[in-house]
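Undergrad:
Number of protein chains: 2
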Amino acid sequence: MSALTFSLQGYSLSPAKFKAKLRDFEVIIDEPQNLGGTDEAPNPVEYLLASYAGCLNVVGHLIAKEQGIELKGLQIKINGDLNPDKLFGKSTNDRAGFQGLRVTLIPDTDAGVEQLAEWLQIVESRCPVNDNLLRSTPIRVSVEKNFKDINQVFSLN
Amino acid sequence: MSALTFSLQGYSLSPAKFKAKLRDFEVIIDEPQNLGGTDEAPNPVEYLLASYAGCLNVVGHLIAKEQGIELKGLQIKINGDLNPDKLFGKSTNDRAGFQGLRVTLIPDTDAGVEQLAEWLQIVESRCPVNDNLLRSTPIRVSVEKNFKDINQVFSLN
Numbered sequence: 005m006s007a008l009t010f011s012l013q014g015y016s017l018s019p020a021k022f023k024a025k026l027r028d029f030e031v032i033i034d035e036p037q038n039l040g041g042t043d044e045a046p047n048p049v050e051y052l053l054a055s056y057a058g059c060l061n062v063v064g065h066l067i068a069k070e071q072g073i074e075l076k077g078l079q080i081k082i083n084g085d086l087n088p089d090k091l092f093g094k095s096t097n098d099r100a101g102f103q104g105l106r107v108t109l110i111p112d113t114d115a116g117v118e119q120l121a122e123w124l125q126i127v128e129s130r131c132p133v134n135d136n137l138l139r140s141t142p143i144r145v146s147v148e149k150n151f152k153d154i155n156q157v158f159s160l161n
Numbered sequence: 005m006s007a008l009t010f011s012l013q014g015y016s017l018s019p020a021k022f023k024a025k026l027r028d029f030e031v032i033i034d035e036p037q038n039l040g041g042t043d044e045a046p047n048p049v050e051y052l053l054a055s056y057a058g059c060l061n062v063v064g065h066l067i068a069k070e071q072g073i074e075l076k077g078l079q080i081k082i083n084g085d086l087n088p089d090k091l092f093g094k095s096t097n098d099r100a101g102f103q104g105l106r107v108t109l110i111p112d113t114d115a116g117v118e119q120l121a122e123w124l125q126i127v128e129s130r131c132p133v134n135d136n137l138l139r140s141t142p143i144r145v146s147v148e149k150n151f152k153d154i155n156q157v158f159s160l161n
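Protein chains in written order, with this note's numbering: chain A, 5 to 161; chain B, 5 to 161.
Below, the structure written as structure tokens:
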């Protein structure tokens with residue numbers, strides 16, 4: 005299969021709140037009050053966890069099927085620590101983002117420990133979001149000064 | 005400020021659909037039909053774009069305020085190409101995740117080009133999600149075999 009392109013377009017509703025359009029879906033992102041928002045939706049780094057968990061779910065089921073493992077259910081927990089000092093411009097040696105992520109996969113299955121270890125290794129190697137977090141992702145950011153009327157923003161090319 | 009901990013817990017609704025709880029918020033992640041889902045919500049890598057855009061919005065406004073730039077609005081576009089061959093276990097030299105991300109920030113402002121270039125440089129350096137994508141994030145994944153009743157999953161510690 006050739007590469008698929010995924011796209012987002014959106015605009016700020018406030019300094020902390022953002023409306024994103026992804027195909028026909030709209031997603032609201034906000035911040036809790038202690039991070040300057042109105043707490044109407046998950047915050048950006050929480051959506052990062054949701055992205056990762058959703059990806060592990062898809063790939064987890066795909067690999068289980070390939071291995072002949074019956075996966076009757078899958079629960080996922082993810083935790084990550086983040087020091088906001090860098091974000092807020094305070095002096096710190098910590099990085100801006102999550103210092104690391106701790107992931108627990110809890111499959112409902114009769115598969116044995118060895119088979120699950122192999123499952124986990126393959127899931128990690130083939131999960132797109134795991135790859136983008138674990139290995140550097142090239143990013144090109146540019147600034148344009150052609151701000152459009154807000155009613156046109158969702159038809160931007 | 006000491007590090008903040010962000011947490012997710014959730015469970016699969018189907019092989020492609022996942023329900024995530026982030027504090028009091030619930031987020032549904034699905035896949036389009038061509039990737040094996042029922043297309044009821046954005047997919048994992050689209051939430052990754054939403055996470056990144058929401059973060060750029062917050063940090064963009066924060067830095068503008070610090071610089072004395074009046075930001076009357078901010079529109080963001082992000083595109084990324086992803087070859088799903090690795091995900092599907094086909095032979096490929098491509099990575100599993102986004103090969104790269106192209107970001108366009110469109111601020112509604114009277115600030116000049118030089119000031120916006122400085123703004124962009126600081127935004128990139130202090131945006132948590134930018135950091136986690138651009139630089140490797142340590143990840144520890146473990147598998148547990150203590151699957152809980154689905155009604156208990158949101159009280160897992």
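Glycine residues also receive a C-beta, built at the ideal position from the N, C-alpha and C atoms.
Computed from a predicted structure; not experimentally measured.
#1: Among B:107, B:99, B:93, which residue has its Cα nearest to the Cα of residue 14 of chain A?
#2: Flag residue 18 of chain B as yes when its Cβ comes closer than 7 Å to any non-hydrogen atom of the ligand ADP, and as no otherwise.
#3: Between the Cα of residue 119 of chain B and those of A:113, A:139, A:149, A:134, spot the shortest distance and give me the residue it belongs to.
#4: What did DSSP end up calling residue 73 of chain A once you bin it into helix, strand or coil?
#5: By the 10 Å Cβ neighbour count, where 16 or more other Cβ atoms means buried, how is residue 125 of chain B classified, buried or exposed?
#6: Would a check of beta-carbon distances place residue 143 of chain A closer than 8 Å to chain B?
#7: Please confirm whether residue 79 of chain A and residue 123 of chain A have their CB atoms less than 8 Å apart.
#8: My output table needs one value for residue 40 of chain B: the three-state DSSP class, helix, strand or coil.
#9: What's the gap between the Cα of residue 42 of chain A and the Cα of residue 61 of chain A?
#10: Could you tell me which of A:121, A:27, A:75 sits nearest to residue 151 of chain B, measuring between CA atoms?
#11: Let me know if residue 121 of chain A comes out buried or exposed under the rule of 16 or more other beta-carbons within 10 Å of its beta-carbon.
#12: Note down, in chain order, all residues in the stretch 55–81 of chain A with a beta-carbon under 7 Å from any beta-carbon belonging to chain B.
#13: Rounded to the nearest angstrom, what separates residue 161 of chain B and residue 117 of chain B at their Cα positions?
#14: Along the chain, where does the alpha helix (DSSP H) containing residue 137 of chain B start, and where does it finish?
#15: In this structure, how does DSSP classify residue 146 of chain B when only helix, strand and coil are distinguished?
#16: What residues from chain B crowd round residue 119 of chain A, counting only those whose CB sits closer than 9 Å?
#17: Going by DSSP, name the residue or residues bridged to residue 162 of chain B.
#18: Compare the C-beta of residue 87 of chain A with all C-beta atoms of chain B and state if any pair is closer than 8 Å.
#19: Can you check whether the CB of residue 142 of chain A is closer than 8 Å to the CB of residue 104 of chain B?
#20: Within the same chain, show all residues whose beta-carbon is closer than 8 Å to that of residue 51 of chain B, passing over the 5 residues directly before and after it, in chain order.
#21: Which stretch, first to last residue, makes up the beta strand (DSSP E) that contains residue 104 of chain B?
#22: I need the DSSP call for residue 47 of chain A, collapsed to helix, strand or coil.
#23: Can you tell me which of the three DSSP states residue 61 of chain B falls into?
#24: Starting from the Cα of residue 3 of chain B, find the closest Cα among B:66, B:12, B:46, B:22 and give me that residue.
TA: With the given structure in hand:
#1: Position 10 of the first sequence, counting from 1, holds the residue named residue 14 of chain A. Cα-wise, what sits closest to residue 14 of chain A is B:107.
#2: This structure lacks the ligand ADP, and indeed carries no ligand of any kind.
#3: As a first step, residue 119 of chain B must be located in the second sequence, where it is residue number 115. Minimum Cα-Cα distance from residue 119 of chain B among the listed residues A:113, A:139, A:149, A:134 corresponds to A:149.
#4: By one-based count along the first sequence, residue 73 of chain A stands at place 69. Three-state DSSP puts residue 73 of chain A in coil, outside helix and strand.
#5: Along the second sequence, one-based indexing puts residue 125 of chain B at 121. By the 10 Å Cβ count, residue 125 of chain B comes out exposed.
#6: Taking the first sequence and counting its residues from 1, the one referred to as residue 143 of chain A is at position 139. It does; some Cβ of chain B falls within 8 Å.
#7: Your numbering for residue 79 of chain A matches position 75 in the first sequence. Your numbering for residue 123 of chain A matches position 119 in the first sequence. Contact flag unset, no.
#8: Numbered from 1 along the second sequence, position 36 holds the residue referred to as residue 40 of chain B. Residue 40 of chain B: coil per DSSP, three-state reduction.
#9: By 1-based counting over the first sequence, the position of residue 42 of chain A is 38. By 1-based counting over the first sequence, the position of residue 61 of chain A is 57. Each residue's Cα considered, the two are about 30 Å apart.
#10: Locating residue 151 of chain B in the second sequence gives position 147, counting from the first residue. Comparing Cα-Cα distances from residue 151 of chain B to each of A:121, A:27, A:75, the minimum goes to A:75.
#11: The residue labelled residue 121 of chain A in the question sits at position 117 within the first sequence. Exposed, since its Cβ has fewer than 16 Cβ neighbours within 10 Å.
#12: The residues in question are 55, 57, 58, 59, 61, 62, 63, 65, 70, 77, 78, 79, 80, 81.
#13: Taking the second sequence and counting its residues from 1, the one referred to as residue 161 of chain B is at position 157. Taking the second sequence and counting its residues from 1, the one referred to as residue 117 of chain B is at position 113. Bear in mind that the predicted position of residue 161 of chain B carries a pLDDT of just 42, short of 50, making it too unreliable to give a figure here.
#14: Translated into positions along the second sequence, residue 137 of chain B becomes position 133. Element bounds for residue 137 of chain B: 132–138.
#15: On the second sequence, residue 146 of chain B is found 142 positions in, with the first residue counted as 1. Strand, per DSSP.
#16: Within the first sequence, the letter at position 115 stands for residue 119 of chain A. Per Cβ cutoff of 9 Å: no residues; residue 119 of chain A is ~10 Å from chain B at best.
#17: This structure cannot speak to residue 162 of chain B, because chain B is shown only from 5 to 161.
#18: By one-based count along the first sequence, residue 87 of chain A stands at place 83. Yes, because at least one Cβ of chain B sits closer than 8 Å to the Cβ of residue 87 of chain A.
#19: Position 100 of the second sequence, counted from the first residue, corresponds to residue 104 of chain B. Position 138 of the first sequence, counted from the first residue, corresponds to residue 142 of chain A. Yes, the Cβ-Cβ distance between residue 104 of chain B and residue 142 of chain A is below 8 Å.
#20: Within the second sequence, residue 51 of chain B is the residue found at index 47, counting from 1. Once the five neighbours on either side are set aside, the close Cβ partners of residue 51 of chain B are 31, 33.
#21: As a first step, residue 104 of chain B must be located in the second sequence, where it is residue number 100. Note, residue 104 of chain B: beta strand (DSSP E), 104–112.
#22: As a first step, residue 47 of chain A must be located in the first sequence, where it is residue number 43. Of the three classes helix, strand and coil, the one that applies to residue 47 of chain A here is coil, per DSSP.
#23: Looking up residue 61 of chain B in the second sequence gives position 57. Reduced to three states, the DSSP call for residue 61 of chain B is helix.
#24: Look at the range of chain B in this structure, 5 to 161, and you will see that residue 3 of chain B is not part of it.
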